[in-house]
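This report refers to the structure that appears directly beneath it.
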Amino acid sequence: MGCRSVALRIFSESALSIRSYYNFVPEPSNETGAKVARRLKILINPFAGQKKAERMFAVCCKPLFEAARCAMDVVTTASGEDAREIGRTVPLDQFDAVVIISGDGTLHQVLNGFFEREDWEKARQMPIGVIPGGSANGLSICLQGTGRGLDPCFAALQVVKGRPMDIDLCEVEQMGRKPF
């Protein structure tokens, strides 16, 4: 006798209603060994795309994160340099993931900050959640596909599920060879 997955879809505007369903469902087994994100450093860029990131967080992401009992440290950025500074200084041991509600530019600034750190090798292991809030949202589409890549609720659910995937930041090819 095998196990089978059951999908439970809940449509509710109320975080309390969502939380009651979440409390009913047992903790997910973590057979992949991935750490479920519970402590989130969340960066919101209110100037990205159509300037809807703050509302997107309030309506979609925050209720889902609360229902999943995630601790949130939310920062609204004023510039790309804010995101870079957060990447440079975020205490890695205090968070399970960094979540970016913005476009690709804010993500790039956080990564630049990570690689300016002395402990950059540890920083590069930090899971980053990408919630599409920009104009094109290229990375989110690449990660989730053309349909779901623009859905902030789906992206927030992926953060809650806590299953990071490794991706290459860049690839170098020289004379037909890829040295690294």
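The sequence shown runs -5 to 174 under our numbering. From the three backbone atoms N, C-alpha and C, an ideal C-beta is built for every residue, glycine too. All figures in this text were calculated on a predicted structure; none of them were measured in a lab.
Inset, instruction - Starting from residue 66, trace the alpha helix (DSSP H) both ways and give me its first and last residue. - result: Where residue 66 is concerned, there is no enclosing alpha helix (DSSP H), although the beta strand (DSSP E) it sits in stretches over 65 to 70.
Legend entry - Any beta strand (DSSP E) of 3 or more consecutive residues that is wholly inside the region 78 to 150: Counting whole runs of 3 or more residues, the region 78 to 150 contains the beta strand (DSSP E) stretches 91 to 96, 122 to 126.
Legend entry - Cβ neighbour criterion (16 or more within 10 Å) applied to residue 169: Under this definition residue 169 is an exposed residue.
Legend entry - 8 Å contact criterion, which residue 64 and residue 124 should meet: CB distance rounded: Between residue 124 and residue 64 the Cβ distance is about 16 Å, and since that is not below 8 Å, they are no contact.
Legend entry - Buried or exposed by the 16-neighbour rule on C-beta atoms within 10 Å, applied to residue 152: Its Cβ being crowded by 16 or more others within 10 Å, residue 152 is buried.
Legend entry - N- and C-terminal bounds of the beta strand (DSSP E) containing residue 56: For residue 56, there is no enclosing beta strand (DSSP E); the residue is part of the alpha helix (DSSP H) that begins and ends at 56 to 61.
Legend entry - Contact between the region 31 to 45 and the region 88 to 107 (3+ Cβ pairs under 8 Å): In this structure the region 31 to 45 touches the region 88 to 107; the number of beta carbon pairs closer than 8 Å is three or more.
Inset, instruction - Less than 8 Å between the CB atoms is what I'm expecting for residue 101 and residue 80, so what's the real figure, rounded? - result: About 12 Å separates the Cβ atoms of residue 101 and residue 80, ruling out a contact at the 8 Å cut-off.
Inset, instruction - State yes or no: is the C-beta of residue 107 nearer than 8 Å to some heavy atom of the ligand GTP? - result: Looking for the ligand GTP in the displayed structure turns up nothing, as the structure carries no ligands at all.
Legend entry - Three-way DSSP call (helix, strand, coil) for residue 49 in this model: Looking at residue 49 - three-state DSSP - the assignment turns out to be helix.
Inset, instruction - Give the straight-line distance between the Cα atoms of residue 44 and residue 72, rounded to the nearest whole angstrom. - result: Cα-Cα distance, rounded: 16 Å.
Legend entry - Buried/exposed call for residue 104, threshold 16 Cβ in 10 Å: Residue environment analysis places residue 104 among the buried positions, since at least 16 neighbouring C-beta atoms fall within 10 angstroms of its C-beta.
Legend entry - Boundaries (first-last residue) of the beta strand (DSSP E) holding residue 33: The continuous beta strand (DSSP E) containing residue 33 extends over residues 33 to 38.
Inset, instruction - For residue 178, name the three-state secondary structure that DSSP assigns. - result: With the chain running from -5 to 174 in the structure shown, residue 178 is simply not present.
Legend entry - Proximity winner among 99, 89, 116, relative to residue 256 (alpha-carbon distances): Residue 256 lies beyond the residue range present for the chain, which begins at -5 and ends at 174; the question has no answer from this structure.
Inset, instruction - Identify which residue in 67, 75, 167, 59 has its Cα closest to the Cα of residue 146. - result: If we check each option's Cα against that of residue 146, 59 comes out closest.
Inset, instruction - Figure out for me which residue from 119, 54, 50, 78 has the closest Cα to the Cα of residue 158. - result: For residue 158, the closest C-alpha among the options 119, 54, 50, 78 is that of 119.
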